[in-house]
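S.K.: Numbering-wise, our numbering puts 125 at position 113 of the sequence shown, and it's gapless, one number per residue.
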Amino acid sequence: MELNTFCPECENGIFLHEMPKAGLIPCTRCSKGREASGNGELDAKGALVRCGICGCTDLYRQKDFNTKLGLWVVVLIVGLALVFNQYLIPILIGGAIVDLILYFALGDIVICYQCRGIYRGMPVAEKIEGFDLKTHDKYEFKTKKTEEPKELL
Ligand SMILES: [Zn+2]
Ligand SMILES: [Zn+2]
Numbered sequence: 013m014e015l016n017t018f019c020p021e022c023e024n025g026i027f028l029h030e031m032p033k034a035g036l037i038p039c040t041r042c043s044k045g046r047e048a049s050g051n052g053e054l055d056a057k058g059a060l061v062r063c064g065i066c067g068c069t070d071l072y073r074q075k076d077f078n079t080k081l082g083l084w085v086v087v088l089i090v091g092l093a094l095v096f097n098q099y100l101i102p103i104l105i106g107g108a109i110v111d112l113i114l115y116f117a118l119g120d121i122v123i124c125y126q127c128r129g130i131y132r133g134m135p136v137a138e139k140i141e142g143f144d145l146k147t148h149d150k151y152e153f154k155t156k157k158t159e160e161p162k163e164l165l
């Protein structure tokens, strides 16, 4: 598995290859890092149930679509179409098929609503659904609410 998060202090990306243990995940750029709850949970199939960073159980799935790779495929197809323009239509159709195959070949990633931690390379539990704005707002609101008193001081 791979876990992507970021340092709240300097926003440097933090990559982990196992569930974080309770305590500070050190940041390689600044001397601080991100605090992890360390109570991450996996189900019997190894799918994520509880986020190991913040302990949140609200998670959503998303296609692990590498935008850079997608862009290169488009550039390649357009390039081919320009060079072999007598085969324009078959090349464009072929390109669309390649895009479609790529889309389905890519796995799902799981993202935590609360801390935005990204979990890759592990099975995704069936009950985890796509992004839900209501759940997202619930966490946005919660964070804003806890931040407010600080601003008043
Ligand atoms: Zn940092
Ligand atoms: Zn989390």
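For every residue, glycine included, the Cβ atom is placed at its ideal position computed from N, Cα and C.
Keep in mind the model is a prediction, meaning the values are calculated, not measured.
Rounded to a whole number of angstroms, what is the C-alpha to C-alpha distance between M134 and C124?
M.R.: M134 and C124: Cα-Cα distance of roughly 14 Å.
S.K.: Go ahead and pull the three-state DSSP assignment for V87.
M.R.: Three-state result, V87: helix.
S.K.: Regarding R41 and ligand 1, is the C-beta to nearest heavy atom distance less than 7 Å?
M.R.: Yes, Cβ of R41 sits closer than 7 Å to a heavy atom of ligand 1.
S.K.: Just to confirm, does C19 get its C-beta within under 7 Å of one of the non-hydrogen atoms of ligand 1?
M.R.: Yes, since a heavy atom of ligand 1 falls inside the 7 Å radius drawn around the Cβ of C19.
S.K.: Using 7 Å as the cut-off, classify the Cβ of D35 as near or not near the heavy atoms of ligand 1, replying yes or no.
M.R.: Contrary to the premise, residue 35 reads as Gly rather than Asp in this sequence. Result no, Cβ not under 7 Å from ligand 1.
S.K.: Go to L28, then tell me how far its beta strand (DSSP E) extends in each direction, as first and last residue.
M.R.: From DSSP, the beta strand (DSSP E) with L28 extends over G25 to L28.
S.K.: Within the continuous alpha helix (DSSP H) that includes Y115, where are the two ends?
M.R.: L100 to A117 is the extent of the alpha helix (DSSP H) around Y115.
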